[in-house]
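K.L.:
Questions regarding the structure given below will be posed in turn.
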Amino acid sequence: MMMTEPDTNMSKPAQNALLRRLPLIAILSVAVIGAFTLRDYLSFETLAQNREALLAFRDANYLLTVGVFIAAYVVIVGFSLPGATIATLTGGFLFATFPGVLFNVTGATIGAVLIFMAARWGLGEKLAAKMEGSEGAVKSIKDGIDENQWSVLFLIRLVPAVPFFVANLIPALVGVPLHRFVISTFFGIIPGGLVYTSVGAGLGEVFARGETPDLGIIFEPHILLPILGLAALAALPMVLKLFKKDA
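101 is the number that the numbering used here gives to position 117 of the sequence shown; each next residue is one higher, with no gaps.
Below, the structure is given as structure tokens:
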């Protein structure tokens, strides 16, 4: 009886598939571990306790502080660690509303791109191809997103109810081009980022009173309504297309 050698070619697709999924698996694994181990460290209380040391370090090493801060923000967002809101407040506290908002938005955008690329490399390209080749409702959803990519991308950034992690995954899974994702992310998160950065810029007074910041301020009518107005403008092209189809 002749012994047959294992067909190594059969295992290559599986190995390649696993390799492509490794970045996304790493992100999800670190996110789960971070949710249990870092929540107490990336908190408002930690910021309050270390505020004087942070300000002293910033005053002595401004450019280094900017670089370290943006890198830390990228890691927090890129690995979906707890503390993104605290990081935004810290940006405002250390660098004022401007240029703090610029540093916050830059770090968040780069971190979002890491998730986007990991998801697209691991799952998105094949899933988008399958959706494109499918029929019925799935194909209709894919076509609807493709026809209104800019509007959909800005909507999921502007509507506060959409989790940031979800807004990074959806575009990757439906084949959105990288440049559209970057542009819509950077500009789409500016309104919310500006609100929380401005809150962070006022933390000195909050610390002095021994209070905690009002993180629900984004749902106040004078803040929420303008943001929803921007979301409505983003959705307007989709609405007009629907009217044209029905006409």
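Ideal Cβ placement from N, Cα and C applies to all residues, glycine included.
1) Expressed to the nearest angstrom, what Euclidean distance is found between the alpha-carbon atoms of G177 and T72?
2) Helix, strand or coil for A215 per DSSP?
3) Under the assumption that P155 contacts L137 (Cβ atoms under 8 Å), give the Cβ distance between them as a whole number of angstroms.
4) Which stretch, first to last residue, makes up the alpha helix (DSSP H) that contains S182?
5) Locate the alpha helix (DSSP H) running through G200, then write down its first and last residues.
6) The alpha helix (DSSP H) spanning N152 covers which residue range?
7) Hey, T169 and A96 are a contact pair by Cβ (cut 8 Å); roughly how many whole angstroms apart?
8) Does the distance from the CB of L78 to the CB of L26 come in under 8 Å?
9) Please report the distance separating the alpha-carbon of V89 from that of I60.
10) Under 7 Å Cβ to Cβ from D130, same chain only, skipping five residues before and after it: list those, please.
11) Which stretch, first to last residue, makes up the alpha helix (DSSP H) that contains N45?
12) I want to know whether the stretch 173 to 193 touches the stretch 16 to 25 - three or more CB-CB distances under 8 Å.
13) Please classify R164 as buried or exposed, where buried requires at least 16 other C-beta atoms within 10 Å of its C-beta.
14) Taking all protein chains shown into account, do 16 or more other C-beta atoms lie within 10 angstroms of the C-beta of V150, making it buried, or fewer, making it exposed?
15) Need the endpoints of the alpha helix (DSSP H) that F77 sits in, please.
16) Tell me which same chain residues have a C-beta within less than 6 Å of the C-beta of L8, skipping the five on either side of it?
17) So the alpha helix (DSSP H) W134 belongs to, where does it begin and stop?
18) Should A92 be labelled buried (16 or more other beta-carbon atoms within 10 Å of its own) or exposed?
19) Am I right that S64 and A10 are in contact with their C-beta atoms under 8 Å? What's the rounded C-beta distance?
20) Can you look up P210 in the DSSP assignment and give me helix, strand or coil?
21) Can you tell me whether S13 is buried or exposed? The criterion is at least 16 other CB atoms within 10 Å of its CB, across all chains shown.
22) For T181, which of P205, P197, A215 has the nearest alpha-carbon?
23) Given a cut-off of 8 Å on the beta-carbon distance, is the pair L142 and I211 in contact?
P.N.:
Once the coordinates are examined:
1) Taking the Cα positions, G177 is about 7 Å away from T72.
2) helix
3) So it is a contact: roughly 6 Å between Cβ atoms.
4) In this chain, the alpha helix (DSSP H) harbouring S182 covers 174 to 185.
5) It is not in any alpha helix (DSSP H) - G200 carries neither H nor E in the DSSP assignment.
6) Per DSSP, N152 belongs to the alpha helix (DSSP H) from 148 to 157.
7) 5 Å
8) Cβ distance not < 8 Å, so L78 and L26 don't count as in contact.
9) 13 Å
10) none
11) No alpha helix (DSSP H) contains N45, which DSSP labels as neither H nor E.
12) no
13) So R164 ends up on the exposed side.
14) exposed
15) 68 to 79
16) A102, A103, G106
17) 133 to 142
18) buried
19) About 11 Å; that fails the 8 Å criterion.
20) DSSP, reduced to helix, strand and coil, places P210 within a helical segment of the structure shown.
21) exposed
22) P197
23) yes
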